[in-house]
Amino acid sequence: MSAGAVGSPGAPGTPTAARTAAGTSAGAGIAAPAARSTPAATAGGPGATLPVAFEDRMATVDFRVSPQAHITVDGDACRGCTTRACVTACPANLFVPTADGGILFNYEQCFECGTCYLVCDTAGAVTWRYPEGGHGVAYRRS
Amino acid sequence: MTAAGATRTAAEAARAAGTPPGPPTAAPAASAAATGLVPAGDFDAVVVGAGPAGSAAALVLARSGKRVCLLERGPYPGSKNMYGGVVYPRILDGLLLDWWEDAPVQRWVTRRATMTLTDDQALTIDFRTESWGRPPYNGATALRPEFDAWLAAKAVDAGAVLVTSTTATGLLRDRPGGAVTGVSTDRPDGDLRAGIVVACDGVNSFLAKQAGLHGPVDPANYTLGAKEVLAVPARTIEERFGLGPDQGADFEIIGCTGAIPGGGFLYTNRDSLAIGVVLHLPALATAGVRPEELIAGLKAHPAVAPLVAGGELVEYSAHLIPEGGYDMMPALAGAGILVAGDAAAMCLAAGIWLEGVNFAIASGMAAGEAAAAALAAGDVSERGLAGYRRRLQDSFVLQDHRRLRHAPHLLLSERVQQRYPQLACDIVEDLFTVTNPEPKPGMRRLVRRQVTASGVRLRDLAADTWRALRTFG
Chain L
1 MSAGAVGSPG
11 APGTPTAART
21 AAGTSAGAGI
31 AAPAARSTPA
41 ATAGGPGATL
51 PVAFEDRMAT
61 VDFRVSPQAH
71 ITVDGDACRG
81 CTTRACVTAC
91 PANLFVPTAD
101 GGILFNYEQC
111 FECGTCYLVC
121 DTAGAVTWRY
131 PEGGHGVAYR
141 RS
Chain D
1 MTAAGATRTA
11 AEAARAAGTP
21 PGPPTAAPAA
31 SAAATGLVPA
41 GDFDAVVVGA
51 GPAGSAAALV
61 LARSGKRVCL
71 LERGPYPGSK
81 NMYGGVVYPR
91 ILDGLLLDWW
101 EDAPVQRWVT
111 RRATMTLTDD
121 QALTIDFRTE
131 SWGRPPYNGA
141 TALRPEFDAW
151 LAAKAVDAGA
161 VLVTSTTATG
171 LLRDRPGGAV
181 TGVSTDRPDG
191 DLRAGIVVAC
201 DGVNSFLAKQ
211 AGLHGPVDPA
221 NYTLGAKEVL
231 AVPARTIEER
241 FGLGPDQGAD
251 FEIIGCTGAI
261 PGGGFLYTNR
271 DSLAIGVVLH
281 LPALATAGVR
291 PEELIAGLKA
301 HPAVAPLVAG
311 GELVEYSAHL
321 IPEGGYDMMP
331 ALAGAGILVA
341 GDAAAMCLAA
351 GIWLEGVNFA
361 IASGMAAGEA
371 AAAALAAGDV
381 SERGLAGYRR
391 RLQDSFVLQD
401 HRRLRHAPHL
411 LLSERVQQRY
421 PQLACDIVED
431 LFTVTNPEPK
441 PGMRRLVRRQ
451 VTASGVRLRD
461 LAADTWRALR
471 TFG
């Protein structure tokens, strides 16, 4: 893996500040998805629920962030990828394309679903395992 | 924090196995068995994953007098688990007497509806019965952190040792390529040796893959479930859905996922709604639309928006579903190892029947029985464990799966997903549109007109009808 090349904000050994259960995203290093609201919701009409910014959506989830990243991304492999399936498929929006053709990723608010490695068609680009015991997502109302 | 036990060895943790920090409403019991009577690290069976499959397996093994370690990587059972929202608990009758008296149920499902949506139409088949609201009940909405913790506590009561916050990192074998003899964990000195390993480690089952029981992994066998839990007052839910105080509704929805094959769901909890979508992975990978956008679209549909209005998002979640069913199942047993629950693709995704927890519990029970029998016979070879598959073949688990093996493919097909919802809605709209002064058309003419307008070829319609009859008939 080449954490530097892909610019992981949470590369092993450089943990970002631990987030609280409220999920403040300070230090996440990914600004783009945070401000994003869901377009269909804004067009929902009188009966619709309020649109939720992506950052607020993720703040509803309890993550017990491990200092060790459980996802690694091979930046060189990503640079040759044209499909970028992880970018839209990841329900937590953890993968963001960079201007130079790489992928910026964040492991800290991961649902541990496995979608990223299953949709990835570039062999070995995404390596994924479970976080260490007691860490990662902790659902309360699912 | 939850890492309190992180520096403990797996053996110490198993010995101590105190009450893990659970969710607010769940309190897995500390166990009489967790007192050090069990030689730490020395178990007859290690069950990996304290979901419904794992807890059922551990419960059965403990009851048969086996020393069982129930390993859970989350801080409490259910913390990693997410589903649509309904448990079909008939299977519990054979496991726990009067289980409904203390099961953490949100609402008893008394109303089931199947909605077919287009952009601005909805055709709903809506059924309700009071009988499902009385013991022994038929289905219940439940929250997994509560339900899974409850079932795990039953296993602990029976003598299983629950060890939370511990990830199984690999299989131990007696020799390279030999029988499985335990698991390694991420605790210091974390090896747990046992006569048999029951892998209930979920849809991604790294253990079953490491054991070589899975074939090549094909994303086409998986869907992604993404859901929102929306806080809505209980009284409001009861008014909107026409329910009594303990009654619940279960809406399955097709035609709400755009170009991505899949479906949607809407379930009532006590004072929240669960609404979400299920999306076929290969299409999600290329469609360029994100899961939460599809949920937003579903919530904004005119037939759905009034039901969820004002609901405040209190938890967003996502999980993979082993949608492929029978044809994606791994080998269920190897020397020293059994696979159950989602790890063995036991989840049934057959359109009108979307069931997983009951299949997980049943497969876990069968694994527990087969493992106990094999341990008693002193033969945990693949042959010695063949009783597991036999038990599943004799139960609804493999009988339903085998009979419905073509259902996932049929239901994710382009016509069922894209053409038929529109066709069905247009036929009904035509039927109920008053065309005065024109006289009413005959039904046959009306259907023929809409089928022609839909572009669906009669040959395909007939073939799909035949396939559906053969699958569901």
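If you're matching them up, the sequences are chains L and D in order. The opening residue of the first sequence carries number 1 in our numbering; numbering runs sequentially from there. The opening residue of the second sequence carries number 1 in our numbering; numbering runs sequentially from there. The C-beta atom is built at its ideal place from N, Cα and C for all residues, glycine as well.
- request: Confirm, please, whether the CB-CB distance from D464/D to R415/D is below 8 Å.
  value: Locating residue 415/D in the second sequence gives position 415, counting from the first residue. Locating residue 464/D in the second sequence gives position 464, counting from the first residue. Cβ distance < 8 Å, so R415/D and D464/D count as in contact.
message: Can you find the residues in the same chain that come closer than 6 Å, C-beta to C-beta, to A274/D, ignoring five residues on each side of it along the sequence?
response: Looking up residue 274/D in the second sequence gives position 274. Excluding residues within five positions, the ones whose Cβ falls inside 6 Å are G85, K227, V229, Y267.
query: Given a threshold of 16 other Cβ atoms within 10 Å of its Cβ, counted over all protein chains shown, does Q399/D qualify as buried or as exposed?
result: Here residue 399/D refers to the residue found at position 399 of the second sequence. It counts as exposed.
message: Restricting to runs no shorter than 3 residues, where is the beta strand (DSSP E) found entirely within the stretch 204 to 241 of chain D?
response: Correct list: 222 to 231.
- prompt: What in chain L is Cβ-close to N81/D, meaning under 8 Å?
  reply: The residue labelled residue 81/D in the question sits at position 81 within the second sequence. The contacting residues are Y139, S142.
A3/D to V47/D span [Cα, whole Å]: Within the second sequence, the letter at position 3 stands for residue 3/D. Within the second sequence, the letter at position 47 stands for residue 47/D. In this prediction, A3/D scores a pLDDT of 39, lower than 50, which makes its location untrustworthy; the coordinate-derived value is nonetheless stated afterwards. In a straight line, the C-alpha of A3/D is about 21 Å away from that of V47/D.
- request: Determine the chain D residues that contact L118/L at a beta-carbon separation under 8 Å, and present them in chain order.
  value: On the first sequence, position 118 is the one that residue 118/L refers to. Near L118/L (Cβ distances below 8 Å), the residues of chain D are V217, P219, Y222, L281, L320.
query: In the DSSP assignment, what residue or residues form a beta bridge with S272/D?
result: Here residue 272/D refers to the residue found at position 272 when the second sequence is read from its first residue. According to DSSP, residue pairing for S272/D in a beta bridge involves A231/D.
task: Find the nearest neighbour of A142/D within the set G263/D, N269/D, D342/D, F251/D, judged by alpha-carbon distance.
output: The count along the second sequence starts at 1 and reaches residue 142/D at position 142. When only C-alpha atoms are compared, the closest one is N269/D.
query: First and last residue of the beta strand (DSSP E) that includes M329/D?
result: Numbered from its first residue, the second sequence carries residue 329/D at position 329. Careful: M329/D lies outside any beta strand (DSSP E) and carries neither H nor E.
field: Euclidean distance between Cα positions of G263/D and P233/D
entry: Start at 1 with the first residue of the second sequence, and residue 263/D comes out as number 263. Start at 1 with the first residue of the second sequence, and residue 233/D comes out as number 233. The alpha-carbon atoms of G263/D and P233/D are separated by roughly 26 Å.
query: Could one say the Cβ of C78/L lies closer than 8 Å to chain D's Cβ atoms, at least one of them?
result: For the purposes of this step, residue 78/L is taken as the residue at position 78 of the first sequence. Cβ-Cβ to chain D under 8 Å: no for C78/L.
message: Please report whether the beta-carbon of C113/L lies at a distance below 8 Å from any beta-carbon of chain D.
response: What you label residue 113/L is simply residue 113 of the first sequence in a count that begins at 1. It does: the Cβ of C113/L has a partner Cβ on chain D nearer than 8 Å.
- request: Output the residue ranges of the alpha helix (DSSP H) runs that lie fully inside the stretch 78 to 128 of chain L and measure 4 residues or longer, sorted by chain position.
  value: 85 to 89, 115 to 119
field: Buried or exposed (CB count within 10 angstroms, at least 16 for buried), G114/L
entry: As a working note, residue 114/L is residue 114 in the first sequence. The residue is buried, with at least 16 neighbouring Cβ atoms inside 10 Å.
N-terminal and C-terminal residue of the beta strand (DSSP E) that P322/D is part of: Counting from one through the second sequence, the residue named residue 322/D turns up at place 322. That run of the beta strand (DSSP E) goes 312 to 322.
- request: Using alpha carbons as the reference points, say which of P51/L, D56/L, W128/L, R84/L lies closest to C110/L.
  value: Looking up residue 110/L in the first sequence gives position 110. The shortest Cα separation from C110/L among P51/L, D56/L, W128/L, R84/L belongs to W128/L.
- prompt: How is the alpha helix (DSSP H) around G368/D delimited, first residue to last?
  reply: For this step, residue 368/D is matched to residue 368 along the second sequence. 357 to 377 is the span of the alpha helix (DSSP H), which, as asked, contains G368/D.
Endpoints, the alpha helix (DSSP H) within which G387/D is located: For the purposes of this step, residue 387/D is identified with residue 387 of the second sequence, where counting begins at 1. For G387/D, the uninterrupted alpha helix (DSSP H) run begins and ends at 387 to 394, by DSSP.
- prompt: Which residues in the same chain as G384/D place their Cβ atom closer than 6 Å to its Cβ, once the five residues preceding and following it in sequence are excluded?
  reply: Start at 1 with the first residue of the second sequence, and residue 384/D comes out as number 384. Only A374 meet the Cβ criterion.
- prompt: Under 7 Å Cβ-Cβ, which residues of chain L neighbour N204/D?
  reply: Start at 1 with the first residue of the second sequence, and residue 204/D comes out as number 204. Result: G114.
task: In angstroms with no decimal places, state the Cα-to-Cα distance between D474/D and V119/L.
output: There is no way to answer for residue 474/D, as the model of chain D reaches only from 1 to 473.
message: Let me make sure I understand the geometry here. Which of R403/D, D42/D, V456/D has the alpha-carbon closest to that of I196/D?
response: Start at 1 with the first residue of the second sequence, and residue 196/D comes out as number 196. I196/D has its Cα closest to that of D42/D, out of R403/D, D42/D, V456/D.
Closest Cα partner of N81/D within the set Q106/D, E130/D, D342/D, A168/D: Reading the second sequence from its first residue, position 81 is the one you call residue 81/D. Among Q106/D, E130/D, D342/D, A168/D, the Cα nearest to that of N81/D is on D342/D.
query: Of the residues G178/D, D120/D, L71/D, which one's Cα is nearest the Cα of E382/D?
result: If you number the second sequence from 1, residue 382/D lands on position 382. The candidate whose alpha carbon is nearest that of E382/D is G178/D.
- prompt: E132/L CB to nearest chain D CB: under 8 Å?
  reply: On the first sequence, residue 132/L is found 132 positions in, with the first residue counted as 1. Yes, E132/L counts as interfacial toward chain D.
- request: Report the rounded CA-to-CA distance for E130/D versus T110/D, giving the unit in angstroms.
  value: Locating residue 130/D in the second sequence gives position 130, counting from the first residue. Locating residue 110/D in the second sequence gives position 110, counting from the first residue. Distance between the alpha carbons of E130/D and T110/D: 6 Å.
task: Output the distance between the C-alpha atoms of Q422/D and T435/D, rounded to the nearest integer angstrom.
output: Position 422 of the second sequence, counting from 1, holds the residue named residue 422/D. Position 435 of the second sequence, counting from 1, holds the residue named residue 435/D. The straight-line gap from Cα to Cα measures roughly 20 Å.
- prompt: Taking 8 Å as the CB-CB cut-off, is A69/L touching chain D?
  reply: By one-based count along the first sequence, residue 69/L stands at place 69. No, its Cβ sits nowhere closer than 8 Å to a Cβ of chain D.
query: Along chain L, in chain order, which residues have C-beta atoms closer than 8 Å to that of T167/D?
result: By 1-based counting over the second sequence, the position of residue 167/D is 167. Residues of chain L passing the Cβ test: Y130, P131, E132, G133.
- request: Measure the Cβ-Cβ separation of G364/D and A53/D and say whether it is below 8 Å.
  value: Locating residue 364/D in the second sequence gives position 364, counting from the first residue. Locating residue 53/D in the second sequence gives position 53, counting from the first residue. Their beta carbons are under 8 Å apart, which means G364/D touches A53/D by this criterion.
message: Using 8 Å as the threshold, is the C-beta distance between P91/L and L313/D below it?
response: Residue numbering aside, residue 91/L sits at position 91 when the first sequence is read from its first letter. Residue numbering aside, residue 313/D sits at position 313 when the second sequence is read from its first letter. In this structure, L313/D does not lie closer than 8 Å to P91/L by Cβ.
task: Please check the pair D476/D and E132/L, which I expect to be a contact at CB under 8 Å, by giving their CB distance rounded to whole angstroms.
output: Since the first residue shown for chain D is 1 and the last is 473, residue 476/D is missing from the structure and cannot be characterised.
- request: Provide the residue span of the beta strand (DSSP E) that contains Q247/D, from first to last.
  value: For the purposes of this step, residue 247/D is identified with residue 247 of the second sequence, where counting begins at 1. Its beta strand (DSSP E) spans residues 247 to 254.
task: Measure the beta-carbon distance from G102/L to G80/L and round it to whole angstroms, keeping in mind my assumption that it falls under 8 Å.
output: To locate residue 102/L, count along the first sequence from 1; it is residue 102. To locate residue 80/L, count along the first sequence from 1; it is residue 80. Incorrect: roughly 11 Å between the Cβ atoms, too far for contact.
- request: Answer with yes or no whether the minimum CB distance from T60/L to chain D is below 8 Å.
  value: As a position in the first sequence, residue 60/L is number 60, starting the count at 1. T60/L counts as touching chain D.
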